[in-house]
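Asks: Could you have a look at this structure, given as structure tokens, before my questions?
2 protein chains.
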Amino acid sequence: MPALPPTPRRAATLEDVAAAAGVSRATASRVLNGVPTVRASAVDAVRRAAADLGYRPNPAARSLARGRHDSIALVLTERDLAELPHSFFAEPLRGATAAVTRRSLQMVLLLAGPDEAALRRYLDGSHVDGALVIVEAHSTNLPRLLRSSAVPVVYLGRPVEDPDSHSYVDVDNYGGARLATAELVQAGRRVIGTIAGPQDMGVAVDRLAGWRDVLAEHGLPAPTPVYGNFTADGGANAMARLLATRPDLDGVFVASDLMAMGALRVLAASGRRVPEDVAVIGYDDSILARTATPPMTSVRQPLEEMGELMVDVLLQLIADPAAGPVRRILPAQLARRESV
Amino acid sequence: MPALPPTPRRAATLEDVAAAAGVSRATASRVLNGVPTVRASAVDAVRRAAADLGYRPNPAARSLARGRHDSIALVLTERDLAELPHSFFAEPLRGATAAVTRRSLQMVLLLAGPDEAALRRYLDGSHVDGALVIVEAHSTNLPRLLRSSAVPVVYLGRPVEDPDSHSYVDVDNYGGARLATAELVQAGRRVIGTIAGPQDMGVAVDRLAGWRDVLAEHGLPAPTPVYGNFTADGGANAMARLLATRPDLDGVFVASDLMAMGALRVLAASGRRVPEDVAVIGYDDSILARTATPPMTSVRQPLEEMGELMVDVLLQLIADPAAGPVRRILPAQLARRESV
DNA sequence: GCTTTTCGAGAGAGCGCTCTCTGGAGCGTC
DNA sequence: GACGCTCCAGAGAGCGCTCTCTCGAAAAGC
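As structure tokens, this is what we get:
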């Protein structure tokens with residue numbers, strides 16, 4: 001005769017809790033959901049029974065019954081994950097996850113691959129209550145695709161096309177560039193160039209404008225800007241071109257840390273010392289800035305805070321989809337190090 | 001009289017599809033799940049109806065009925081997300097997500113905060129079918145906590161304690177260190193030091209052993225190793241100490257790129273050129289290595305592949321939990337650049 | 001003392017799907 | 001021609017929870 005099989009260790013259900021507490025399933029549900037119209041002794045009994053049985057509500061059943069999911073999607077692209085500097089998605093991710101956890105929601109990770117339409121289908125397929133999109137704005141047409149999707153969507157950064165019809169959380173790029181340029185001026189630099197990003201990106205346009213305006217306000221001449229593509233090599237090329245035009249350069253504002261790494265390499269190769277001969281300020285305050293030689297001053301974006309704010313905005317939209325596009329712009333800061 | 005309310009645009013259910021196709025719900029379900037015993041004409045009708053109605057199965061209902069979730073958890077820690085070099089989680093994440101998507105599962109992101117027990121409760125709470133843990137091994141006691149959790153767990157990297165009772169995917173750290181050291185020997189270096197990691201981490205122990213063994217095999221003396229804590233500043237301190245003991249150093253193997261950044265800074269400050277005076281090899285092949293001045297040779301771990309493999313292993317364990325701990329070790333490679 | 005109101009809680013109908021059970025055709029067999 | 005098979009497909013019972021409906025009992029009102 002075979003030994004008795006071990007107790008199947010089925011997870012406790014609400015039914016079990018109700019039975020153990022001597023109340024109906026409905027009452028147990030009320031207690032666990034904080035409905036106030038329950039006699040105190042019943043509340044205690046249910047709480048105790050739930051604890052004793054190690055009861056955890058089955059989220060699938062709950063979601064089915066409620067028609068809500070208590071989970072939101074986080075959309076990243078494979079490309080960005082591979083190429084973006086560390087902080088760009090790690091920090092917002094951290095902020096968003098913290099905010100989501102605090103509200104006991106869960107976050108589903110979605111990697112948008114080449115087939116972005118699949119993503120739209122997924123979002124319309126009633127899996128999540130809303131979506132957070134953290135991708136490089138210009139590298140995607142997600143905003144176009146997701147417009148009028150079944151669930152609300154919040155973007156990190158202003159979408160390039162038709163920004164007014166989307167909800168987003170952004171940082172003040174113009175202000176950040178002003179901060180950096182003003183710092184260089186304050187340090188006594190007089191020939192302050194810039195390595196700007198591609199001008200089909202709003203971010204890059206704003207940063208260029210901030211640099212230009214501060215120079216103008218101080219009556220300083222603006223060297224012709226050079227452009228990079230937000231890569232290290234692009235930054236190196238741009239720096240070489242800038243030095244060719246303005247060998248007397250004594251300061252440079254670079255629109256990203258990654259480009260600044262290339263720029264530092266070229267400055268070193270040309271025999272110039274940083275900051276003695278040329279002061280450099282990057283943008284992003286990424287790990288690259290912190291570990292550069294010398295550690296580099298850089299414009300810091302409140303990325304983690306942005307992630308949290310994205311969740312706030314998304315929940316607001318989930319609660320009231322008609323609240324229309326919500327836009328929030330946060331100020332940039334300057335992380336001062338030894339390159340100025 | 002109020003206008004008729006707009007059609008509620010309720011999502012199509014299986015019932016709707018079945019009705020449109022003129023079959024029962026059961027048959028529609030069969031078609032959509034690829035059960036072969038269905039007449040061809042019915043298959044067509046159901047497929048067409050599903051397409052017409054834009055039918056997407058409700059995952060909550062499916063999960064409830066099947067008792068499976070088709071989703072796995074990805075566990076990261078806040079700390080790691082903040083401090084680890086870019087590639088350390090981005091690449092495995094990418095590999096894992098790709099593998100998960102390919103099998104049309106979904107990935108739920110879990111940030112393990114200070115309260116790691118909450119994580120255990122979550123995993124036992126029947127939300128996911130299994131978990132992937134991508135955290136710095138020594139910074140956590142997750143393995144202890146998650147042992148005998150309700151669902152299978154696969155770790156990136158060998159857990160420090162009691163590794164034999166856990167499933168993991170790791171890379172051959174000893175072999176990677178051998179690769180790097182052999183490269184330095186081959187380049188004609190004769191005084192080859194190492195900046196090792198904390199010796200309470202298995203990874204660091206293995207890397208140190210690889211370096212030592214290769215030197216011994218070539219009959220080269222091994223300078224006393226110096227230790228860093230896997231930070232840039234730690235690497236800088238270690239480098240300074242190493243130079244103090246062995247001013248004649250002409251090669252150094254550093255157990256992480258981040259520490260190598262600090263080392264490069266100190267080498268530059270001491271007036272030594274890389275690679276002319278001292279050759280440097282890092283570990284991780286992160287963006288730091290690629291953007292360093294000069295671009296640095298580094299040991300590359302197949303992190304993306306590891307992420308994919310983790311998913312394979314996890315699915316295998318979900319299918320057969322009794323398959324016992326599964327261990328997989330992948331070989332390291334060398335990414336050659338200009339620092340040797 | 002009887003009716004009305006309020007409060008607390010049970011019954012039970014779903015939510016959308018899966019999957020077992022059952023049964024009707026259509027075919028071959030003796 | 002009765003019987004047994006195989007092949008398809010419908011009926012319907014859940015999966016675990018929420019939430020409306022309903023109702024008894026206690027409190028309040030006249």
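Chains as they are written, first to last, in UniProt numbering: chain L, 1 to 340; chain B, 1 to 340. We put the CB at the ideal spot given by N, CA and C, even for glycine.
Whose Cβ in chain B lies nearer than 9 angstroms to the Cβ of V108 of chain L?
Replies: Reading the first sequence from its first residue, position 108 is the one you call residue 108 of chain L. Under the 9 angstroms cutoff, chain B gives S71, Q106, M107, V108, L109.
Asks: Leaving aside the five residues before and after L123 of chain L along the sequence, list all residues of the same chain whose C-beta is less than 8 angstroms from its C-beta, in chain order.
Replies: Counting from 1 along the first sequence, the entry for residue 123 of chain L is found at position 123. Cβ neighbours of L123 of chain L beyond the five flanking positions: A73, A131, L146, S149, A150, V151, V153.
Asks: Classify P159 of chain L as buried or exposed, calling it buried when 16 or more other Cβ atoms lie within 10 Å of its own Cβ.
Replies: Numbered from its first residue, the first sequence carries residue 159 of chain L at position 159. Classification of P159 of chain L: buried, given that the 10 Å Cβ count is 16 or more.
Asks: Once DSSP output is grouped into helix, strand and coil, what is the label at Y55 of chain B?
Replies: Residue 55 of chain B sits at position 55 when you count from the first residue of the second sequence. Reduced to three states, the DSSP call for Y55 of chain B is coil.
Asks: Quick check on the DSSP output: the alpha helix (DSSP H) that includes T181 of chain L runs from which residue to which?
Replies: The sequence position of residue 181 of chain L within the first sequence is 181, counting from 1. Its alpha helix (DSSP H) spans residues 173-186.
Asks: Do you know offhand how far G22 of chain B's Cα is from R48 of chain B's?
Replies: By 1-based counting over the second sequence, the position of residue 22 of chain B is 22. By 1-based counting over the second sequence, the position of residue 48 of chain B is 48. Cα to Cα, G22 of chain B sits roughly 12 angstroms from R48 of chain B.
Asks: Would you tell me roughly how many angstroms separate the C-alpha atoms of I329 of chain L and V171 of chain L, rounded to the nearest one?
Replies: The residue given as residue 329 of chain L occupies position 329 in the first sequence. The residue given as residue 171 of chain L occupies position 171 in the first sequence. The straight-line gap from Cα to Cα measures roughly 5 angstroms.
Asks: Return the chain-ordered ranges of every alpha helix (DSSP H) run that is complete within the stretch 106-135 of chain B and spans a minimum of 4 residues.
Replies: The stretch 106-135 of chain B contains these whole alpha helix (DSSP H) runs: 116-124.
Asks: Quick one: Cα of M1 of chain B to Cα of T27 of chain L, how far?
Replies: In the second sequence, the residue the question calls residue 1 of chain B occupies position 1. In the first sequence, the residue the question calls residue 27 of chain L occupies position 27. In this predicted model, M1 of chain B has a pLDDT of only 35, less than 50, meaning its place in the structure is not dependable; the value taken from the coordinates is given anyway. Approximately 41 angstroms between the Cα atoms of the pair.
Asks: Residues in its own chain within less than 8 angstroms of residue 408 of chain B by CB, not counting five upstream and five downstream?
Replies: Since the first residue of chain B shown is 1 and the last is 340, residue 408 of chain B is not available in this structure.
Asks: What are the complete alpha helix (DSSP H) segments, minimum 4 residues, inside the stretch 10-94 of chain B?
Replies: Listed in chain order, they are 14-21, 25-32, 40-53, 59-66, 78-83.
Asks: Just checking: is the beta-carbon of A45 of chain L within a distance shorter than 8 angstroms of some beta-carbon in chain B?
Replies: Taking the first residue of the first sequence as position 1, residue 45 of chain L is located at position 45. No, A45 of chain L does not count as interfacial toward chain B.
Asks: Closest Cβ-Cβ distance between T13 of chain L and chain B: below 8 angstroms?
Replies: Position 13 of the first sequence, counting from 1, holds the residue named residue 13 of chain L. For T13 of chain L, the answer is no, since every Cβ of chain B falls outside 8 angstroms of its Cβ.
Asks: Determine the extent of the alpha helix (DSSP H) in which R207 of chain L is found, giving its start and end residues.
Replies: Here residue 207 of chain L refers to the residue found at position 207 of the first sequence. Taken as a continuous stretch (DSSP letters only), the alpha helix (DSSP H) holding R207 of chain L covers 202-217.
Asks: What is the residue span of the beta strand (DSSP E) that V280 of chain L lies within?
Replies: Walking along the first sequence from the start, residue 280 of chain L turns up at place 280. Note, V280 of chain L: beta strand (DSSP E), 279-283.
Asks: Are M310 of chain B and V169 of chain B closer than 8 angstroms when you measure CB to CB?
Replies: Within the second sequence, residue 310 of chain B is the residue found at index 310, counting from 1. Within the second sequence, residue 169 of chain B is the residue found at index 169, counting from 1. Cβ atoms of M310 of chain B and V169 of chain B: closer than 8 angstroms.
Asks: Closer than 7 angstroms by C-beta to E91 of chain L: which residues in its own chain qualify, once you throw out the five before and the five after it? Chain order, please.
Replies: The count along the first sequence starts at 1 and reaches residue 91 of chain L at position 91. Answer for E91 of chain L: L303, E304, G307, listed in chain order.
Asks: Leaving out five residues on either side along the sequence, give the residues of the same chain with a beta carbon under 7 angstroms from the beta carbon of A117 of chain L.
Replies: Walking along the first sequence from the start, residue 117 of chain L turns up at place 117. Cβ neighbours of A117 of chain L beyond the five flanking positions: L145.
Asks: Identify whether Q199 of chain B lies in helix, strand or coil by the three-state DSSP scheme.
Replies: In the second sequence, counting from the first residue as 1, residue 199 of chain B sits at position 199. Coil, per DSSP.
Asks: Taking a Cβ distance cut-off of 8 angstroms, strictly less, list which residues of the stretch 253-278 of chain B are near chain L, in chain order.
Replies: Cβ contacts with chain L come from L258, M261, G262, L264, R265, A268.
Asks: Below 8 angstroms on the Cβ atoms is my contact criterion, and I expect R275 of chain B with E338 of chain B to pass it. Report the Cβ-Cβ distance as a whole number of Å.
Replies: If you number the second sequence from 1, residue 275 of chain B lands on position 275. If you number the second sequence from 1, residue 338 of chain B lands on position 338. The residue asked about is misnamed: residue 275 of chain B is Pro in this sequence, not Arg. Yes, they are in contact, since the Cβ atoms of P275 of chain B and E338 of chain B sit about 7 angstroms apart, within 8 angstroms.
Asks: Among the residues of its own chain, which have a CB less than 8 angstroms from the CB of R195 of chain L, if the five just before and after it don't count?
Replies: Stepping through the first sequence from its first residue, residue 195 of chain L is reached at position 195. Correcting the residue type first, residue 195 of chain L is Ile in the shown sequence and not Arg. For I195 of chain L, where only same-chain residues beyond five positions count, the Cβ hits under 8 angstroms are P225, V226, Y227, G228, G235, A238, M239, L242, V252, F253, V254, A255, M259, A260, A263.
Asks: Let me see if you follow: with CB-CB separation under 8 angstroms, is H218 of chain L close to chain B or not?
Replies: Along the first sequence, read from residue 1 onward, the residue named residue 218 of chain L stands at position 218. No, H218 of chain L lies away from the interface with chain B (no Cβ there is under 8 angstroms from its Cβ).
Asks: According to the neighbour-count rule (16 or more other Cβ atoms, all chains shown, within 10 Å of its Cβ), is G77 of chain B buried or exposed?
Replies: As a working note, residue 77 of chain B is residue 77 in the second sequence. Residue 77 of chain B is actually Thr in this sequence, not Gly. The residue is buried, with at least 16 neighbouring Cβ atoms inside 10 Å.
Asks: Give the C-beta separation of R190 of chain L and L220 of chain L to the nearest angstrom, bearing in mind that I take them to be a contact with Cβ-Cβ under 8 angstroms.
Replies: For the purposes of this step, residue 190 of chain L is identified with residue 190 of the first sequence, where counting begins at 1. For the purposes of this step, residue 220 of chain L is identified with residue 220 of the first sequence, where counting begins at 1. Sure, about 6 angstroms apart at Cβ, within 8 angstroms.
Asks: Considering only the beta carbon of each residue, do L14 of chain B and R25 of chain B sit closer than 8 angstroms?
Replies: Position 14 of the second sequence, counted from the start, is the residue given in the question as residue 14 of chain B. Position 25 of the second sequence, counted from the start, is the residue given in the question as residue 25 of chain B. Result yes, Cβ atoms of L14 of chain B and R25 of chain B sit closer than 8 angstroms.
Asks: Out of B:D250, B:G175, B:V313, which one is the CA nearest neighbour of H166 of chain B?
Replies: Start at 1 with the first residue of the second sequence, and residue 166 of chain B comes out as number 166. If we check each option's Cα against that of H166 of chain B, B:V313 comes out closest.
Asks: For the ligand MG, any of its heavy atoms closer than 7 angstroms to the Cβ of L105 of chain L?
Replies: Here there are no bound small molecules, and the ligand MG is not part of this structure.
Asks: Counting only C-beta atoms, is H127 of chain L closer than 8 angstroms to chain B at any point?
Replies: Locating residue 127 of chain L in the first sequence gives position 127, counting from the first residue. Yes, because at least one Cβ of chain B sits closer than 8 angstroms to the Cβ of H127 of chain L.
Asks: Can you give the Cα-Cα distance for D52 of chain L and V17 of chain L, rounded to whole angstroms?
Replies: What you label residue 52 of chain L is simply residue 52 of the first sequence in a count that begins at 1. What you label residue 17 of chain L is simply residue 17 of the first sequence in a count that begins at 1. Each residue's Cα considered, the two are about 9 angstroms apart.
Asks: Would you call the CB atoms of G176 of chain L and Y283 of chain L closer than 8 angstroms?
Replies: The residue given as residue 176 of chain L occupies position 176 in the first sequence. The residue given as residue 283 of chain L occupies position 283 in the first sequence. Going by C-beta atoms, G176 of chain L is nearer than 8 angstroms to Y283 of chain L.
Asks: Around the C-beta of D320 of chain L, are 16 or more other C-beta atoms found within 10 angstroms, so that it is buried, or is it exposed?
Replies: As a first step, residue 320 of chain L must be located in the first sequence, where it is residue number 320. By the 10 Å Cβ count, D320 of chain L comes out exposed.
Asks: For the beta strand (DSSP E) holding A335 of chain L, just list the boundary residues, first then last.
Replies: Mapped onto the first sequence, residue 335 of chain L falls at position 335. Per DSSP, A335 of chain L belongs to the beta strand (DSSP E) from 333-335.
Asks: Given a limit of 8 angstroms on CB to CB distance, which residues of the stretch 177-204 of chain L reach chain B?
Replies: Of all residues in the stretch 177-204 of chain L, none has a Cβ within less than 8 angstroms of some Cβ in chain B.
Asks: Can A289 of chain L and D257 of chain L be called in contact, C-beta distance under 8 angstroms?
Replies: Numbered from its first residue, the first sequence carries residue 289 of chain L at position 289. Numbered from its first residue, the first sequence carries residue 257 of chain L at position 257. Contact flag set, yes.
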